[in-house]
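All residue numbers for the sequence shown refer to the numbering used here, where the first residue is -11 and numbers rise by one.
Quick reminder that beta carbons are idealized off the backbone N, C-alpha and C, glycines included.
Note that the structure is predicted; figures quoted are calculated from it, not measured.
Everything on this sheet refers to the single structure shown next.
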Amino acid sequence: MSQRISGVKGMIDLLPPDIAVWQALEAAARETFRRFGYEEARTPVAEDTALFVRSVGEATDIVGKEMYTFQDKAGRSLSLRPEGTAPLVRAYVEHAVAQREPVTRWWYLGPMFRYERMKTGRYRQFWQAGAEAYGVSAPAQETELIDLAMQLFRALGLDGIRVELNSLGDPETRGVYLESLRSFLRAHRSELCAECQERTEKNPLRVFDCKNPGCQAVVAGAPAITEALSDEARAHFEVVQRQLSLLGIPFRVNPRMVRGIDYYTRTAFEFLSDDPVLGTASAVGGGGRYDRLVKELGGPDTPAVGWALGMDRLFLLLQAKGVVQPARPVLFVAVAEEGAADAALALVSRLRRAGHRVEFDARGGSLKSQMKRADKSGAAYALVLGSRELTSGEAQLKPLAGGEPVPLRLDALESALAARR
């Protein structure tokens, strides 16, 4: 026997019946994006590595430790995308979209890749749904995007997800804050883990992400970035909060919350769940404003806001609720004798063309074994086709959940099934 080849560690298969939950999740996302006027955009899974170094940040864990990076046959350094925002900005700039329209609203859905430690709902190939808006500097753009996410959660029946907000300020005032934070961390250097000692010099905001208890104790006393906001950034943040309250969206300001990506400015936010099915991973998504990124990647000075949701984690939440059931066939067609197989196949094909989900097991076998398969398929009805039925043009429609068989003509089967949907 040949040696079995297993899937790549951290990259999972999505198979029936679980795929029905995934499809419901995708359908709800697509419909919510449609209602908000966002259009789908698709980008390649591989990009020039420099795109992520310049956007996500060279000092981030994503770029420094987690990217799948390789050289192609021409010697170019490529990386599988670890997130979706930078590729969309690259496409926005490359195709000069700003010249055609003042405001652009895109959404995306697809696989991302990071070589990170796996845990519940966190994989090395993971799926994200994201929304990005370009061209609007007003706080209402953040509010709209947060509202979009919350409406999607409600459409999925996920009512326990909450919002946390922070403002990361403007680049100018952030520089002042970073020096203040760096000075604080240097004073507590001996209490930090080795990695956070290095982060202190390269990118001190990343210390807030550390899960080491000693580091968490240190940053609990660190100066908050909200204390260093400019008047303009503070006013912007206050408008976002006021508008969220107006829309009835509960939120909490968390001055210690930073995003693991360097391009964010001003408002940043996360969507959190305390559902135990997620284990210790409470974040199901997040995002924020990134007003400098389009220009930094070679485009015009363009304000932008976006978020990404972890589809794998939303899948776990939705699966645990058990509200999505796999689609079942309306009819299972069995054959009473081998000579009826061709006629059964033709009948099944006709019913499928009419839009009905019909099962037919080409293996045949005894009628008893076929009826067992009919029960297992979850079909609502079964129909047995043999020489007698073909000669008379009539058959019995048998409810598999119980009840009396219904006699009907074979040429009326399409309308009979339509009436029973």
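### Query
When the Cα of L260 is compared with those of A406, P238, R78, R280, which residue comes out closest?
P238
### Contact set for L146: own chain, Cβ-Cβ below 6 Å, skip 5 residues either direction
L305
#### Entry: Length-filtered (3 minimum) beta strand (DSSP E) runs lying within the stretch 207 to 291
239 to 241, 253 to 260, 271 to 277
### Query
Which residue from D197, G148, G209, I7 puts its Cα closest to that of S171?
Out of D197, G148, G209, I7, the CA that lies nearest to the CA of S171 is found in G209.
### Task
State the DSSP-derived secondary structure class of Q113, mapped to helix, strand or coil.
strand
### Task
Look at the alpha carbon of E392 and the alpha carbon of A16, and state the distance between them as a whole number of angstroms.
38 Å
### Task
Flag this pair as yes or no: are the beta carbons of L39 and M299 separated by less than 8 Å?
Their beta carbons are not under 8 Å apart, which means L39 does not touch M299 by this criterion.
### Query
What span of residues does the beta strand (DSSP E) with D36 cover, start to end?
34 to 36
### Query
Any chance the stretch 86 to 95 sits against the stretch 20 to 30, with 3 or more Cβ pairs inside 8 Å?
yes
### Query
Do you know how far the Cα of G381 is from the Cα of G(-5)?
50 Å
### Task
Specify, as a first and last residue, the run of the alpha helix (DSSP H) that T379 falls within.
Note, T379: alpha helix (DSSP H), 375 to 380.
#### Entry: Residues near E226 in its chain [Cβ-Cβ closer than 7 Å; skip 5 each side]
none
### Task
Could you tell me whether the stretch 174 to 189 touches the stretch 201 to 218, where touching means 3 or more Cβ pairs closer than 8 Å?
yes
### Message
Nearer than 7 Å: is that true of the beta carbon of L339 relative to any heavy atom of the ligand MG?
### Response
You won't find the ligand MG in this model; it holds no ligand whatsoever.
### Query
With respect to the beta strand (DSSP E) encompassing L68, which residues constitute its N-terminal and C-terminal limits?
Run containing L68: 65 to 68, per the beta strand (DSSP E) assignment.
### Query
Hey, S218 and T161: beta-carbon distance below 8 Å or not?
yes
### Query
Is the beta carbon of A34 less than 8 Å from the beta carbon of L68?
yes
### Reduced DSSP secondary structure (H/G/I, E/B, other) of K370
One point to set straight first is that residue 370 is Ala, not Lys, in the sequence displayed. DSSP places A370 in strand when its eight states are reduced to three.
### Message
Taking the straight line between their C-alpha atoms, what separation do you get for V311 and L140?
### Response
16 Å
### Task
State the Cα-Cα distance for the pair A271 and Q87, rounded to the nearest angstrom.
36 Å
### Task
For P201, write down the residues that DSSP places opposite it in a beta bridge.
In DSSP, P201 forms no bridge with anything.
### Task
Note down, in chain order, each residue of its chain lying with its Cβ closer than 8 Å to the Cβ of A143, except the 5 sequence neighbours on either side.
A16, E19, T20
### Query
Which whole-angstrom value is the C-beta distance of A137 and G352, which I expect to be below 8 Å?
About 51 Å separates the two Cβ atoms, so there is no contact after all.
#### Entry: Pairwise C-alpha distance: P314 and P5
Using only the alpha carbons, I get a separation of about 6 Å.
### Query
Would V318 pass as a contact of L405 if the rule is Cβ separation under 8 Å?
yes
### Query
For the putative contact between T290 and Y122, defined by C-beta atoms under 8 Å, what is the C-beta separation to the nearest angstrom?
5 Å
### Task
Determine the extent of the alpha helix (DSSP H) in which R338 is found, giving its start and end residues.
329 to 341
### Query
Excluding sequence positions up to five away, which residues of its chain have a Cβ less than 8 Å from the Cβ of A216?
G157, T161, R162, V164, Y165, S168
### Query
Three or more C-beta pairs closer than 8 Å, one from the stretch 186 to 201 and one from the stretch 228 to 235: is that the case here?
no
### Message
Tell me which residues share the same chain as A119 and place their Cβ nearer than 7 Å to its Cβ, disregarding the 5 neighbours each side in the sequence.
### Response
Closer than 7 Å at the Cβ level, and outside the excluded window around A119, lie F21, Y26, W95, L133, L136, G294, W295.
### Message
Considering Cα atoms alone, identify which of A331, R280, R42, S357 is closest to R159.
### Response
The sequence given here has Pro at residue 159, not Arg. If we check each option's Cα against that of P159, R280 comes out closest.
### Query
Buried or exposed: where does V81 fall if 16 or more other Cβ atoms within 10 Å of its Cβ makes it buried?
buried
### Query
By Cβ distance below 7 Å, which residues in the same chain neighbour L385 in space, the five residues on each side in sequence not counted?
Answer for L385: Y369, L371, P393, V394, L396, A404, listed in chain order.
### Query
How is A119 classed by DSSP in three states: helix, strand or coil?
strand
### With 16 other Cβ atoms within 10 Å as the buried cut-off, status of E325
exposed
### Buried or exposed (CB count within 10 angstroms, at least 16 for buried), T255
buried
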